[in-house]
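All remarks here apply to the structure that follows.
2 protein chains.
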Amino acid sequence: LALPGDVRVTLRREMIAPQSGRAFVVQAGERMRVTDVQGEQVADIVAFALPDVREAISNGRTIDYNGTLRLTAGHVLYSNRGRPMLTVVADTVGRHDFTLAPCSPEMFALLHNNTDPHPSCFENLSACLAPHGIAPDAIPTAFNAFMTVEIDASGGVSVVPPTSKAGDYVELRAEMPLVAGVTACSAEQSNNNAFKPIEVTIFGA
Amino acid sequence: LALPGDVRVTLRREMIAPQSGRAFVVQAGERMRVTDVQGEQVADIVAFALPDVREAISNGRTIDYNGTLRLTAGHVLYSNRGRPMLTVVADTVGRHDFTLAPCSPEMFALLHNNTDPHPSCFENLSACLAPHGIAPDAIPTAFNAFMTVEIDASGGVSVVPPTSKAGDYVELRAEMPLVAGVTACSAEQSNNNAFKPIEVTIFGA
Numbered sequence: 001l002a003l004p005g006d007v008r009v010t011l012r013r014e015m016i017a018p019q020s021g022r023a024f025v026v027q028a029g030e031r032m033r034v035t036d037v038q039g040e041q042v043a044d045i046v047a048f049a050l051p052d053v054r055e056a057i058s059n060g061r062t063i064d065y066n067g068t069l070r071l072t073a074g075h076v077l078y079s080n081r082g083r084p085m086l087t088v089v090a091d092t093v094g095r096h097d098f099t100l101a102p103c104s105p106e107m108f109a110l111l112h113n114n115t116d117p118h119p120s121c122f123e124n125l126s127a128c129l130a131p132h133g134i135a136p137d138a139i140p141t142a143f144n145a146f147m148t149v150e151i152d153a154s155g156g157v158s159v160v161p162p163t164s165k166a167g168d169y170v171e172l173r174a175e176m177p178l179v180a181g182v183t184a185c186s187a188e189q190s191n192n193n194a195f196k197p198i199e200v201t202i203f204g205a
Numbered sequence: 206l207a208l209p210g211d212v213r214v215t216l217r218r219e220m221i222a223p224q225s226g227r228a229f230v231v232q233a234g235e236r237m238r239v240t241d242v243q244g245e246q247v248a249d250i251v252a253f254a255l256p257d258v259r260e261a262i263s264n265g266r267t268i269d270y271n272g273t274l275r276l277t278a279g280h281v282l283y284s285n286r287g288r289p290m291l292t293v294v295a296d297t298v299g300r301h302d303f304t305l306a307p308c309s310p311e312m313f314a315l316l317h318n319n320t321d322p323h324p325s326c327f328e329n330l331s332a333c334l335a336p337h338g339i340a341p342d343a344i345p346t347a348f349n350a351f352m353t354v355e356i357d358a359s360g361g362v363s364v365v366p367p368t369s370k371a372g373d374y375v376e377l378r379a380e381m382p383l384v385a386g387v388t389a390c391s392a393e394q395s396n397n398n399a400f401k402p403i404e405v406t407i408f409g410a
C-alpha cells in the first residue's frame, strides 16, 4: 500500500507456492511483510544472522524477554545470542505461535499416523536454507505466523484454524543482516485443511 | 531409594553447587534423577546426542508431539531430529517449563537492568558443555525442571516460585547415548530469591 508520505520502496515480491518454502536475504532496516493471501494459511518463519549463521532466532529468549507467548506489533524477536533480530512493526492478525516445531515427517508419523510421503515445513526450510550454509539440525522452533494454538488451564495445546483473513499480514523489520526461511505451511490441521500460497514482500530501509 | 525388588545401581551422584552447572554423559537406558535438595530451586537441563552432538533436545518438537506445555511422568522429550531423547519416568512435582531460555547476561540486563557480573545458566551450560564440542550458540531452550511459569488468558507469562519441596525430583531415562548439561539456576526470580544446590544421580540401565 503506497500511502501519502510513505516512501517505502518495494525491493522484492515473491509468491510462495502452497506447501513450499523460500529463503530471503534481508538487510538491516529492511522490512519483510508476510501476507496470508487467501486466509487461514500458516507461514513458518526462521531467521539466521549474516554472515555468521550460527546466530539464529530463539523462541526461549523471545518469550522470556517479552514476557508473553502472544507476540505482535511492538515485540522484538531475539537471537540465541540475546540480540534483537526482527521487530514486529505491523500485524493485522495478532495471533501467531512460537512454541511448536515446523511440521516434519516425524510429526506426520507420530501425530497423524501418516508415513506416506508428505511435504513438510521442516524439509522445505532445510532445502531453501541449505545454499546459505544452514544444516537441517540448525533449524530452530519457528515463529509460526497466523498459527493459532489454544492453551487450556492444564497447559494442553491444540492447533485450531488461523483467524487470518485474505490479505492479512505481519511485517518484520530486520535489526541485523539476515537470511529468513519462510514457508506456506504443509500441515492440514494448521491451515483448516486447505493449502494456500504465502506472499513475501521486502521493503527498503 | 532402594525399594524391595529395585535392582537399580547408582553409577554416579554429584552435587551441583549453587549458581553452577555440570555435564553428565548418560548411556541409553540409564536414568538421570535431578533432585531439588532444599526446595524452590530450578535446574535447567539440555541434552545432546553422542557422538553426534548436532542432535539436541527440542522444545518445539516436544511440546508439539506431547500436545502439552505441562510435561511430566510418561512424556517423551524429543530431539531436533524428532527422535525420543529422554523419557520422564518419575516426577514428584509435575511443574516444569520448556518455553524460556536459560538465564543469561542479556536476560539480567534486559529484564532486571542488571549489567553487573552475575552467574547465569547460559554461561554455566556453555562452560560445562564446551569440552564435549558444544558451542554456546548450540544451546537450545532448556527443559527447566521445577520452574513454574504461569500463563494468563492473554498469553502473558510470569515466573513464580517453584512448588518443589526439599527432596522432590524428576527422573529422566536416556533413550540414546547423550551428554546432558544441568544447572543449579542462577536467577533470583526463578528460585524465590535464594540459590541452592541441585543433586544429580545416574542409575544404571
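In the order they appear, the protein sequences are chains D and W. Number 98 in our numbering belongs to position 98 of the first sequence; there are no gaps in the numbering. Number 229 in our numbering belongs to position 24 of the second sequence; there are no gaps in the numbering. The beta carbon of each residue, even a glycine, is placed where N, CA and C say it ideally should be.
Q | Closest residue to Glu55 (chain D) among D:Leu71, D:Pro84 and D:Thr72 (Cα-Cα distance) | A | Taking the first residue of the first sequence as 1, we reach residue 55 (chain D) at position 55. The residue among D:Leu71, D:Pro84 and D:Thr72 with its C-alpha nearest the C-alpha of Glu55 (chain D) is D:Pro84.
(Q) Check whether chain D comes within 9 Å of Val214 (chain W), counting only Cβ atoms and requiring the distance to be less than that. (A) As a position in the second sequence, residue 214 (chain W) is number 9, starting the count at 1. Chain D contact via Cβ: absent.
Q. If the cut is a Cβ gap below 9 Å, which residues of chain W does Thr99 (chain D) touch?
A. Here residue 99 (chain D) refers to the residue found at position 99 of the first sequence. In chain order: Asn264, Gly265, Ile268, Asp269, Leu274, Phe303 and Thr304.
Q. Which of helix, strand or coil does DSSP assign to Ile339 (chain W)?
A. One-based indexing of the second sequence puts residue 339 (chain W) at position 134. Here Ile339 (chain W) sits in coil by DSSP.
Q: Tell me whether Leu255 (chain W) sits in a helix, a strand or coil according to DSSP, three-state version.
A: The residue labelled residue 255 (chain W) in the question sits at position 50 within the second sequence. Correct three-state label for Leu255 (chain W): coil.
(Q) For a contact defined as C-beta to C-beta under 9 Å, what are the partners of Gly156 (chain D) on chain W? (A) Your numbering for residue 156 (chain D) matches position 156 in the first sequence. Neighbourhood of Gly156 (chain D) in chain W, by CB distance below 9 Å: Gly272, Thr273, Leu274 and Arg275, in chain order.
Q: List the residues of chain W that Ser104 (chain D) touches, going by C-beta distances under 7 Å, in chain order.
A: Stepping through the first sequence from its first residue, residue 104 (chain D) is reached at position 104. Under the 7 Å cutoff, chain W gives Gly287.
Q. Out of D:Gly204, D:Ser190 and D:Ile198, which has the shortest C-alpha to C-alpha gap to Val37 (chain D)?
A. Taking the first residue of the first sequence as 1, we reach residue 37 (chain D) at position 37. With distances taken between Cα atoms, Val37 (chain D) lies closest to D:Ile198.
**Q.** Residue from D:His132, D:Phe146 and D:Leu125 with nearest C-alpha to Ile139 (chain D)
**A.** Within the first sequence, the letter at position 139 stands for residue 139 (chain D). Per the C-alpha coordinates, the member of D:His132, D:Phe146 and D:Leu125 positioned closest to Ile139 (chain D) is D:Leu125.
Q.
My output table needs one value for Leu315 (chain W): the three-state DSSP class, helix, strand or coil.
A. The count along the second sequence starts at 1 and reaches residue 315 (chain W) at position 110. Here Leu315 (chain W) carries a helix assignment [DSSP, helix/strand/coil].
**Q.** Inter-residue Cα distance where the pair is Gly234 (chain W) and Gly409 (chain W)
**A.** Counted from its first residue, the second sequence places residue 234 (chain W) at position 29. Counted from its first residue, the second sequence places residue 409 (chain W) at position 204. The straight-line gap from Cα to Cα measures roughly 7 Å.
(Q) Please confirm whether Ala340 (chain W) has its beta-carbon closer than 9 Å to some beta-carbon of chain D. (A) Along the second sequence, one-based indexing puts residue 340 (chain W) at 135. Interface residue (Cβ-Cβ distance to chain D less than 9 Å): Ala340 (chain W) is classified as such.
**Q.** Phe223 (chain D) (DSSP reduced to helix, strand or coil)
**A.** This structure cannot speak to residue 223 (chain D), because chain D is shown only from 1 to 205.
Q. Whose Cβ in chain W lies nearer than 8 Å to the Cβ of Glu55 (chain D)?
A. The sequence position of residue 55 (chain D) within the first sequence is 55, counting from 1. Ordered by position in chain W, the residues that pass the 8 Å Cβ test against Glu55 (chain D) are Asp342.
Q) Closer than 9 Å, CB to CB, is Pro140 (chain D) near chain W or not? A) Counting from one through the first sequence, the residue named residue 140 (chain D) turns up at place 140. It does; some Cβ of chain W falls within 9 Å.
Q. Once you ignore the five residues that flank Ala371 (chain W) on each side, which residues in its own chain have a CB closer than 8 Å to its CB?
A. To locate residue 371 (chain W), count along the second sequence from 1; it is residue 166. Non-local beta-carbon contacts of Ala371 (chain W) in its own chain, meaning distances under 8 Å to residues more than five positions away in sequence, involve Asp241, Val242, Gln243 and Gly244 in chain order.
Q.
Contact defined as beta carbons within less than 8 Å: I believe Val231 (chain W) pairs with Ile339 (chain W). What is the distance between those atoms, to the nearest angstrom?
A. Within the second sequence, the letter at position 26 stands for residue 231 (chain W). Within the second sequence, the letter at position 134 stands for residue 339 (chain W). Not quite, the Cβ-Cβ distance comes to about 15 Å (not below 8 Å), so this is no contact.
Q | Sequence-distant residues of the same chain with beta carbon closer than 8 Å to Glu175 (chain D), five excluded per side | A | Stepping through the first sequence from its first residue, residue 175 (chain D) is reached at position 175. For Glu175 (chain D), same chain residues with a beta-carbon under 8 Å away, outside a window of 5 residues either side, are Ala28, Val76, Arg83, Pro84, Met85, Leu86 and Thr87 in chain order.
Q. For Arg378 (chain W) versus Met220 (chain W), is the C-beta distance shorter than 9 Å?
A. By 1-based counting over the second sequence, the position of residue 378 (chain W) is 173. By 1-based counting over the second sequence, the position of residue 220 (chain W) is 15. No.
Q) Roughly how many whole angstroms lie between the Cα atoms of Leu305 (chain W) and Ser186 (chain D)? A) Reading the second sequence from its first residue, position 100 is the one you call residue 305 (chain W). Reading the first sequence from its first residue, position 186 is the one you call residue 186 (chain D). If I take the Cα positions, the gap works out to 27 Å.
Q: Note down, in chain order, each residue of its chain lying with its Cβ closer than 8 Å to the Cβ of Gly156 (chain D), except the 5 sequence neighbours on either side.
A: Within the first sequence, residue 156 (chain D) is the residue found at index 156, counting from 1. Nothing meets the Cβ criterion.
Q) Cα separation between Ala278 (chain W) and Ala295 (chain W)? A) Here residue 278 (chain W) is taken as the residue at index 73 of the second sequence, counted from 1. Here residue 295 (chain W) is taken as the residue at index 90 of the second sequence, counted from 1. So the two alpha carbons sit approximately 5 Å from each other.
Q) So is Ile403 (chain W) in contact with chain D if we call contact Cβ pairs under 9 Å? A) As a position in the second sequence, residue 403 (chain W) is number 198, starting the count at 1. By this cut-off, Ile403 (chain W) is not an interface position.
Q. Under a Cβ-count criterion, where at least 16 other Cβ atoms within 10 Å of its own Cβ denotes burial, should Ser325 (chain W) be classed as buried or exposed?
A. Here residue 325 (chain W) refers to the residue found at position 120 when the second sequence is read from its first residue. The residue is buried, with at least 16 neighbouring Cβ atoms inside 10 Å.
Q. From which residue to which residue does the alpha helix (DSSP H) around Thr62 (chain D) run?
A. Translated into the one-based positions of the first sequence, residue 62 (chain D) becomes position 62. Counting along the chain, Thr62 (chain D) sits inside the alpha helix (DSSP H) bounded by residues Asn59 to Asn66.
Q) Could one say the Cβ of Ile250 (chain W) lies closer than 9 Å to chain D's Cβ atoms, at least one of them? A) Position 45 of the second sequence, counted from the first residue, corresponds to residue 250 (chain W). Residue contact check for Ile250 (chain W) against chain D: no CB pair falls below 9 Å.
Q: In angstroms with no decimal places, state the Cα-to-Cα distance between Val9 (chain D) and Gly94 (chain D).
A: One-based indexing of the first sequence puts residue 9 (chain D) at position 9. One-based indexing of the first sequence puts residue 94 (chain D) at position 94. If you take the alpha carbons of Val9 (chain D) and Gly94 (chain D), they lie about 25 Å apart.
Q) Would a C-beta distance cut-off of 9 Å place Met107 (chain D) and Tyr374 (chain W) closer than the cut-off? A) Against the first sequence, residue 107 (chain D) aligns to sequence position 107. Against the second sequence, residue 374 (chain W) aligns to sequence position 169. In this structure, Tyr374 (chain W) does not lie closer than 9 Å to Met107 (chain D) by Cβ.
**Q.** Proximity to Arg70 (chain D) [Cα-Cα], best of D:Phe143, D:Pro102 and D:Gln189
**A.** Taking the first sequence and counting its residues from 1, the one referred to as residue 70 (chain D) is at position 70. That would be D:Phe143, whose Cα lies nearest to the Cα of Arg70 (chain D).
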